[in-house]
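Engineer: Chains as they are written, first to last, in my numbering: chain A, 1 to 268; chain B, 1001 to 1331. Where is the CB? At the ideal position from N, CA and C, for every residue including glycine.
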């Protein structure tokens, strides 16, 4: 097993200044340590305002952490001292799918242009090579080559999700991060997306980190689960272990409420 | 006697150039003390039904029904004023997108106080009535599980998180003590613990006050744990309806089966990381509906007969509309 992602001591602090009678609001995340191996699926669960989305954004580089290091494939990817390290390392190693995939796409340009942008900015491929890669990727996520001429509003929810996925996997990342990828989808479309991600993961050996409230899906596809509360990782372990023997109070609450929803097997 | 009884509800939307049949002969009943789940994917017309019952219909909608009655009174032939009275007194509605349907210019406390009907307020003087109104609001807000009422009742809709907004919308629907609650996706996007809280509240109200609930959602896990009966919709057609436990054990329609399969928690013996069984293709848009059985192009069992709309067939109180239903050999 090869380590793909190694995060150590990742910290984020937010504080609004103290005013006359107002208490200062302090939110701090971390320090977070986590290791991800190749082809592994990790689910982050927790209640609202526990810092899950922030952690995902920090890993993807949308938010700058205050302290800590991120190593990708045993190379320095990000650290406070070496802010420029990311430039040298493989810049497209970690890619993210955002929470509302439809809203994260530019409505004014075609799917082809949406997919072209990350390649044009980050790789030295020629026009023809980029075009071929985009067509291949569209087929890979179950769309047609013709979809490069489509605009966002011409696609259904499931197709938009596929485009978002295509945009994330275009530069062949090592790690894919997704913030609630299944929440806004309808049941049958959701199953299609889950199947697609499972298939792509097998083909490309992607490590997949995702945030979800849907514990049924977490249980189905995750290898390991990380439970967060108040900006800290309070529990982490194998999926079955967490679901069967939760240790921490918050985890117990989450798992119990999930179990209470599952219909008990009735005697026939 | 059923509280709400709808037979062959058809809704045509006139878009200028053509008219689209968005709902096609929907049948739906809600008895008092019953939790009826209305399941379907987006574009299946769940929210259209809710709007049609609530009477919030735009001018270009053309609504026809053989029967659409509330407690024996015909809703369609009622005057606007009568219908408003019914809605205000007896039906509470939780709309989708809670925060968007609250008034953005008024604090939540004021909106809730406005929703308290005068009959529930006692007191001789105006200050006594105002106090009582306030107390009523606070107790309802506590009931739906918002603890910090001082903070949230003073806030404006844009200042609150989504799940608080959803709970407030629920409080607003429950504050006039209705006989029936129509909840359009009240648990959308909620985390598990909050969702369980809301579901428990609803089933408790159902048991203690025998509140009829029409629970509209596509979250099967939530539905299966609380509802008694279920109606499945696909693209504006009723696909199957019946008792929850019958449907779960033996779905007759291929679409119902696909829906049940999509929640991995239902199937215990599914190996982890295996491919989930699902239907190919996407939900057709309203402009491009297939003829006949609307599931046709996506259905694994589709045959030639499926270009005709299947008639509704009934086995006891389990009704379905499919030419080639599943699990027939066991019946």
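So if I threshold CB-CB distances at 7 angstroms, which residues from the region 193-211 of chain A count as touching chain B?
Structural biologist: Result list: 194, 195 and 198.
Engineer: Can you name the residues of chain A whose CB is closer than 9 angstroms to the CB of residue 1258(B)?
Structural biologist: Here residue 1258(B) refers to the residue found at position 258 when the second chain is read from its first residue. Chain A residues near residue 1258(B): 187, 188 and 191.
Engineer: Between residue 220(A) and chain B, is there a C-beta pair that is closer than 8 angstroms?
Structural biologist: For the purposes of this step, residue 220(A) is taken as the residue at position 220 of the first chain. Interface residue, yes.
Engineer: Helix or strand or just coil, what does DSSP make of residue 246(A)?
Structural biologist: As a first step, residue 246(A) must be located in the first chain, where it is residue number 246. Residue 246(A) falls in the coil class under three-state DSSP.
Engineer: Less than 8 angstroms between CB atoms is the rule here; does residue 1276(B) satisfy it with respect to chain A?
Structural biologist: One-based indexing of the second chain puts residue 1276(B) at position 276. Chain A, which has a Cβ nearer than 8 angstroms to the Cβ of residue 1276(B), makes this yes.
Engineer: Among 196(A), 62(A), 29(A) and 112(A), whose alpha-carbon lies nearest the alpha-carbon of residue 1274(B)?
Structural biologist: To locate residue 1274(B), count along the second chain from 1; it is residue 274. Nearest of 196(A), 62(A), 29(A) and 112(A) to residue 1274(B), Cα basis: 196(A).
Engineer: Grouping DSSP H, G and I as helix and E and B as strand, with all else coil, what is residue 1312(B)?
Structural biologist: Translated into positions along the second chain, residue 1312(B) becomes position 312. Note: residue 1312(B) maps to coil in three-state DSSP.
Engineer: In angstroms with no decimal places, state the Cα-to-Cα distance between residue 28(A) and residue 1114(B).
Structural biologist: Residue mapping note: residue 28(A) aligns to position 28 of the first chain, counting from 1. Residue mapping note: residue 1114(B) aligns to position 114 of the second chain, counting from 1. Using only the alpha carbons, I get a separation of about 40 angstroms.
Engineer: Determine the chain A residues that contact residue 1189(B) at a beta-carbon separation under 7 angstroms, and present them in chain order.
Structural biologist: Stepping through the second chain from its first residue, residue 1189(B) is reached at position 189. Under the 7 angstroms cutoff, chain A gives 183.
Engineer: How about residue 1321(B) and residue 1311(B): do their beta carbons lie closer than 8 angstroms?
Structural biologist: Sequence index remark: in the second chain, residue 1321(B) carries index 321 (1-based). Sequence index remark: in the second chain, residue 1311(B) carries index 311 (1-based). In this structure, residue 1311(B) lies closer than 8 angstroms to residue 1321(B) by Cβ.
Engineer: If you compare alpha carbons, which of 1266(B), 1281(B) and 1233(B) is closest to residue 1040(B)?
Structural biologist: The count along the second chain starts at 1 and reaches residue 1040(B) at position 40. Residue 1040(B) has its Cα closest to that of 1233(B), out of 1266(B), 1281(B) and 1233(B).
Engineer: For residue 253(A) and chain B, any beta-carbon pair shorter than 8 angstroms?
Structural biologist: Translated into the one-based positions of the first chain, residue 253(A) becomes position 253. Taking Cβ atoms only, chain B reaches closer than 8 angstroms to residue 253(A), which makes this a yes.
Engineer: Any chance you could list the alpha helix (DSSP H) runs of at least 4 consecutive residues sitting entirely within the region 98-133 of chain A, in chain order?
Structural biologist: Correct list: 111-122.
Engineer: Inspect the beta-carbon positions of residue 185(A) and residue 158(A) and report whether they are closer than 8 angstroms.
Structural biologist: What you label residue 185(A) is simply residue 185 of the first chain in a count that begins at 1. What you label residue 158(A) is simply residue 158 of the first chain in a count that begins at 1. Against a cut-off of 8 angstroms, the Cβ pair of residue 158(A) and residue 185(A) comes out as a contact.
Engineer: Going by C-alpha distance, which of 1316(B), 1217(B), 1298(B) and 1328(B) is nearest residue 1038(B)?
Structural biologist: Taking the first residue of the second chain as position 1, residue 1038(B) is located at position 38. Here the closest residue by C-alpha is 1217(B).
Engineer: Going along chain B in order, which residues have a C-beta closer than 7 angstroms to the C-beta of residue 258(A)?
Structural biologist: Numbered from 1 along the first chain, position 258 holds the residue referred to as residue 258(A). Correct list: 1192.
Engineer: Identify the residues that DSSP records as bridge partners of residue 172(A): which are they?
Structural biologist: Against the first chain, residue 172(A) aligns to sequence position 172. DSSP output for residue 172(A) lists no bridge partner at all.
Engineer: Here's a check: name, in chain order, each residue in its chain whose Cβ is nearer than 6 angstroms to the Cβ of residue 236(A), leaving out the five neighbours to either side.
Structural biologist: Residue 236(A) sits at position 236 when you count from the first residue of the first chain. Cβ within range, chain order: 226.
Engineer: In the DSSP assignment, the beta strand (DSSP E) including residue 1006(B) goes from what residue to what residue?
Structural biologist: One-based indexing of the second chain puts residue 1006(B) at position 6. Run containing residue 1006(B): 1002-1014, per the beta strand (DSSP E) assignment.
Engineer: Closer than 8 angstroms, Cβ to Cβ, to anything on chain B: give me those residues from the region 147-159 of chain A, in chain order.
Structural biologist: Those residues of the region 147-159 of chain A that come within reach of chain B (Cβ to Cβ, closer than 8 angstroms) are 156, 157, 158 and 159.
Engineer: Express the C-alpha separation of residue 94(A) and residue 209(A) in angstroms, rounding to a whole number.
Structural biologist: As a position in the first chain, residue 209(A) is number 209, starting the count at 1. As a position in the first chain, residue 94(A) is number 94, starting the count at 1. So the alpha carbons of these two residues sit roughly 10 angstroms apart.
Engineer: Taking just the CA atoms, how far does residue 1187(B) sit from residue 1021(B)?
Structural biologist: Looking up residue 1021(B) in the second chain gives position 21. Looking up residue 1187(B) in the second chain gives position 187. Distance between the alpha carbons of residue 1021(B) and residue 1187(B) is about 29 angstroms.
Engineer: Of the choices 1236(B), 1112(B) and 1194(B), whose alpha-carbon is the least far from that of residue 1291(B)?
Structural biologist: By 1-based counting over the second chain, the position of residue 1291(B) is 291. Ranking 1236(B), 1112(B) and 1194(B) by Cα distance to residue 1291(B) puts 1236(B) first.
Engineer: Do residue 114(A) and residue 163(A) have their C-beta atoms within less than 8 angstroms of each other?
Structural biologist: The count along the first chain starts at 1 and reaches residue 114(A) at position 114. The count along the first chain starts at 1 and reaches residue 163(A) at position 163. Yes. Within cutoff.
Engineer: Taking a Cβ distance cut-off of 9 angstroms, strictly less, list which residues of the region 35-60 of chain A are near chain B, in chain order.
Structural biologist: If the cut-off is 9 angstroms between Cβ atoms, the region 35-60 of chain A has 41, 45, 46, 47, 48 and 49 near chain B.
Engineer: Is there a Cβ of chain A sitting closer than 8 angstroms to that of residue 1010(B), yes or no?
Structural biologist: Counted from its first residue, the second chain places residue 1010(B) at position 10. Chain A contact via Cβ: absent.
Engineer: Could you confirm whether any beta carbon from chain E is found closer than 8 angstroms to the beta carbon of residue 1163(B)?
Structural biologist: This model lacks chain E altogether, as its protein chains are A and B.
Engineer: Note down the Cα distance separating residue 1190(B) from residue 230(A), rounded to an integer number of angstroms.
Structural biologist: Locating residue 1190(B) in the second chain gives position 190, where the first residue counts as 1. Locating residue 230(A) in the first chain gives position 230, where the first residue counts as 1. When rounded, the distance between both Cα atoms is 18 angstroms.
Engineer: Mind checking which residues open and close the alpha helix (DSSP H) that includes residue 1052(B)?
Structural biologist: Locating residue 1052(B) in the second chain gives position 52, counting from the first residue. Counting along the chain, the alpha helix (DSSP H) containing residue 1052(B) begins and ends at 1046-1054.
Engineer: Compile a chain-ordered list of the residues in the region 1209-1220 of chain B whose CB is closer than 9 angstroms to at least one CB of chain A.
Structural biologist: Under the 9 angstroms Cβ criterion, the region 1209-1220 of chain B contributes 1218, 1219 and 1220.
Engineer: Determine the closest residue to residue 66(A) out of 48(A), 32(A), 45(A) and 92(A), with distance taken between C-alpha atoms.
Structural biologist: The sequence position of residue 66(A) within the first chain is 66, counting from 1. Comparing Cα positions, the closest option is 32(A).
Engineer: By alpha-carbon positions, which one of 1054(B), 1288(B), 1313(B) and 1272(B) ends up nearest to residue 41(A)?
Structural biologist: By one-based count along the first chain, residue 41(A) stands at place 41. Measuring from the Cα of residue 41(A), the nearest candidate turns out to be 1272(B).
Engineer: Can you confirm whether residue 1232(B), when its beta carbon is compared against all beta carbons of chain A, has any partner nearer than 8 angstroms?
Structural biologist: Residue numbering aside, residue 1232(B) sits at position 232 when the second chain is read from its first letter. By this cut-off, residue 1232(B) is not an interface position.
Engineer: So, are the CB atoms of residue 1096(B) and residue 1102(B) less than 8 angstroms apart?
Structural biologist: As a working note, residue 1096(B) is residue 96 in the second chain. As a working note, residue 1102(B) is residue 102 in the second chain. The answer is no: Cβ separation not under 8 angstroms.
Engineer: How is the alpha helix (DSSP H) around residue 1131(B) delimited, first residue to last?
Structural biologist: Locating residue 1131(B) in the second chain gives position 131, counting from the first residue. 1126-1143 is the extent of the alpha helix (DSSP H) around residue 1131(B).
Engineer: Quick one: list the residues of chain A neighbouring residue 1225(B), beta-carbon separation under 8 angstroms, in chain order.
Structural biologist: Within the second chain, the letter at position 225 stands for residue 1225(B). Result: 260, 261, 262 and 263.
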